[in-house]
Amino acid sequence: MYNESKTEHFKPGKSPLFDDPEGKVELPASLRVHTWKRTGISDIICITQTVVVENEAAFNLTSANEHLLSSELMRWVISELYILWKVCTTGEDKTISTVSNLWRPWEHIYSLCKAAKDHMPLYNAYGKYVIKLYWMDSSG
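Here it is, written out as structure tokens:
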């Protein structure tokens, strides 16, 4: 049901995009930002449904992210994601293959949109996403 009181902050001329109160994110020195641009709805208006995962049996994180490969940090993150996915999908341990809910990287991208309860990564017109990463180290 349409509720006009909840949409009153979407006034003409005011951007509904998320403005982070903390400003732009500090990136490692090896990652240089050419421009900051947030995709607007007009950029994807011709797309009827955004496809996040085309093939669950394989994925390629390097070809679409070549601009990130100059950073050692990003190469490491991309490599570790691929290794973790590969181990979980083709592991020697047969108990892994019987588990129906294997680890998939695309299941750790969350749109900060409270419209749906499921965490399937969807296009968020407001431009805010959360990527859940777990950091494990030897410090205990």
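Sequential numbering of the sequence shown, starting at 155, is according to the working numbering.
All C-beta atoms, glycine included, are put in the ideal place defined by N, C-alpha and C.
In the three-state reduction of the DSSP assignment, Ala218 falls in the helix class, which pools H, G and I. For His188, the closest C-alpha among the options His221, Glu234, Cys242 and Ile237 is that of His221. With a cutoff of 7 Å on beta-carbon distance, Ile232 and Leu215 are scored as near each other. No Cβ-Cβ contact shorter than 7 Å links Ser217 with Leu185.
Taking 7 Å as the cut-off, the beta carbon of Arg229 is found no closer than this to the beta carbon of Leu235. By the CB criterion at 7 Å, Pro182 and Leu227 fall inside the cutoff. Where Glu226 is concerned, the enclosing alpha helix (DSSP H) starts and stops at Glu226 to Thr244. One Cα belongs to Thr244, the other to Asn219, and the distance between them is close to 24 Å. Short of 6 Å from the beta carbon of Ala212, and not among the five residues preceding or following it, lies no beta carbon of its own chain.
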